[in-house]
Amino acid sequence: MSVRALVVDPSASAAVRLAEVPDPVPGPDQVLVDVSHASLNYGDLNDARSGRVPLGAVLGSDAAGVVVQAAADGTGPAVGTQVVALTTGAFAERVAIDVGALAEVPKGLDLAKAVALPVAGVAALRSLRAAGLGPDKRVLVTGASGGVGRFAVQLAARAGAHVTASVGSAARGEGLAEAGADEVLIGLEGLRRPVDVVIDSVGGPQLVAAWNLLAPGGSVQSVGWTSGEPAAFPPYATVGPAKSLTSFVIEGDVGADLAVLTGLAAEGSLTVEIGWQGSWARFEEAAEALRGRRISGKAVLEVASGQLQAPLPSPQD
150 MSVRALVVDP SASAAVRLAE VPDPVPGPDQ VLVDVSHASL NYGDLNDARS
200 GRVPLGAVLG SDAAGVVVQA AADGTGPAVG TQVVALTTGA FAERVAIDVG
250 ALAEVPKGLD LAKAVALPVA GVAALRSLRA AGLGPDKRVL VTGASGGVGR
300 FAVQLAARAG AHVTASVGSA ARGEGLAEAG ADEVLIGLEG LRRPVDVVID
350 SVGGPQLVAA WNLLAPGGSV QSVGWTSGEP AAFPPYATVG PAKSLTSFVI
400 EGDVGADLAV LTGLAAEGSL TVEIGWQGSW ARFEEAAEAL RGRRISGKAV
450 LEVASGQLQA PLPSPQD
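Residue numbers (this note's numbering): 150 to 466.
Right, here's the structure in full:
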């Protein structure tokens, strides 16, 4: 038995291709999920070309679908439950997923929106938590129009922080004030007061500028590097009152955090913006739009029949 999946192939135009892979065999603490939706992250595009994911391995981290086989050890959701998960090899028709890596999708929450939450939502939630978010904090979110950024703006605002959202253009800042940003800036132009927390997904010179804006005792959480540019700190930039620059990665079980995020989304307290949605056969189109920063929010792939093809006229279904 086999299933179709998007696998890494650096020789392909988008560094992935649709292929047949063996049907997954779950461990005792894993469920089998028939995947209906997957979410594309900027990191997936880097994984496909960087060698971090081996040739022929299934790409992806965000998956949502229906449990078709419960865990043999009796833990986790029952057959027929709709779930969302953060798991390796998510871009496949069927995936074996650790019970601790998933959460049940609340009634009323569309799977297309639920699947946007794992990487971006958990990164926003945990990086803010690690930085010491509180109601008296001044928070700067760079790359605020992207998946992590939009969630970070909303979660920081919910906590009572003063939120500054930094974007690349006026168009990409649309909707961020409504999401909770007190200020929406193009780059860091006009930001004068020190900030306590920086959630940075841009890297490069903007990371250096954000570091210089950090108040004593503050924290920069480096959650991404979409600029692809080096960050050159001038001499003595790191000498002075204590503050921290921390690398960030999602580790350990995420089920509890996914339950929080899906609950907030289901009740309307966390808005999920989908900037692109279409068949996974149009992966190249979605990848080009994401890499070209033409998407605000998330790109969602519908796992459906078809072959990878040239871009279609409209990215919206």
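Just so it is clear, CB atoms sit at the ideal spot from N, CA and C, and this is done for glycine as well.
DSSP-derived helix/strand/coil call for residue i
i, result
"glutamate 416", "coil"
"alanine 430", "helix"
"glycine 367", "strand"
"glutamate 437", "helix"
"alanine 154", "strand"
"proline 267", "helix"
"glutamate 338", "coil"
"arginine 166", "strand"
"aspartate 349", "strand"
"serine 276", "helix"
"tryptophan 374", "coil"
"glutamate 327", "helix"
"alanine 395", "As written in the sequence, residue 395 is threonine, which differs from the alanine given in the question. Correct three-state label for threonine 395: strand."
"leucine 282", "coil"
"alanine 252", "strand"
"proline 354", "helix"
"leucine 457", "At leucine 457, the pLDDT of 43 sits below 50, so the modelled position is not reliable; the number obtained from the coordinates is stated separately. In the structure shown, leucine 457 sits in coil (DSSP, three-state: anything other than H, G, I, E or B)."
Counted within 10 angstroms of its Cβ, other Cβ atoms place residue i as buried (16 or more) or exposed
i, result
"phenylalanine 382", "exposed"
"alanine 227", "exposed"
"alanine 305", "buried"
"glycine 292", "buried"
"isoleucine 335", "exposed"
"threonine 375", "buried"
"alanine 221", "exposed"
"serine 418", "exposed"
"glycine 200", "exposed"
Residue i - partner residues in DSSP beta bridges
i, result
"alanine 245", "Leu181"
"aspartate 211", "Ser188, Leu235"
"valine 290", "Ala314, Ile348"
"proline 425", "For clarity, residue 425 is tryptophan in the given sequence; the question names proline instead. Answer by DSSP bridge pairing, in chain order: Ala448."
Contact set for residue i: own chain, Cβ-Cβ below 8 angstroms, skip 5 residues either direction
i, result
"leucine 274", "Phe300, Leu304, Asp406, Val409, Leu410"
"asparagine 361", "Ala386"
"arginine 440", "Tyr191, Leu194"
Residues of its chain near residue i, where Cβ-Cβ distance is below 7 angstroms and the 5 sequence neighbours each way are ignored
i, result
"threonine 224", "Asp178, Val248"
"glycine 366", "Ala391, Lys392"
"valine 302", "Val290, Ala293, Val312, Ala314, Leu325, Ala328, Gly329, Ala330"
"valine 264", "His186, Ala187, Ser188, Asp211, Ala212, Ala213, Val233, Val449"
Contacting residues, own chain, Cβ-Cβ under 6 angstroms from residue i (five flanking each side not counted)
i, result
"alanine 436", "Ala163, Leu194"
"valine 217", "Leu181, Asp183"
"leucine 413", "Leu419"
Exercise for review: Pair every Cβ in the region 368-381 with every Cβ in the region 334-348, then say whether three or more of these pairs are closer than 8 angstroms.
Suggested key: Counting C-beta pairs closer than 8 angstroms gives three or more between the region 368-381 and the region 334-348, which meets the contact rule.
Exercise for review: Determine, using beta-carbon pairs with one atom in the region 170-185 and one in the region 238-251, whether at least three such pairs fall under 8 angstroms.
Suggested key: These segments touch.
Exercise for review: Please determine if the region 177-191 and the region 436-456 are in contact, where contact requires at least 3 C-beta pairs separated by less than 8 angstroms.
Suggested key: Below 8 angstroms, enough C-beta pairs join the region 177-191 and the region 436-456 to call them touching: three or more.
Exercise for review: Determine, using beta-carbon pairs with one atom in the region 271-285 and one in the region 202-214, whether at least three such pairs fall under 8 angstroms.
Suggested key: Contact check between the region 271-285 and the region 202-214: fewer than three CB pairs, one atom from each, fall below 8 angstroms, which does not count as touching.
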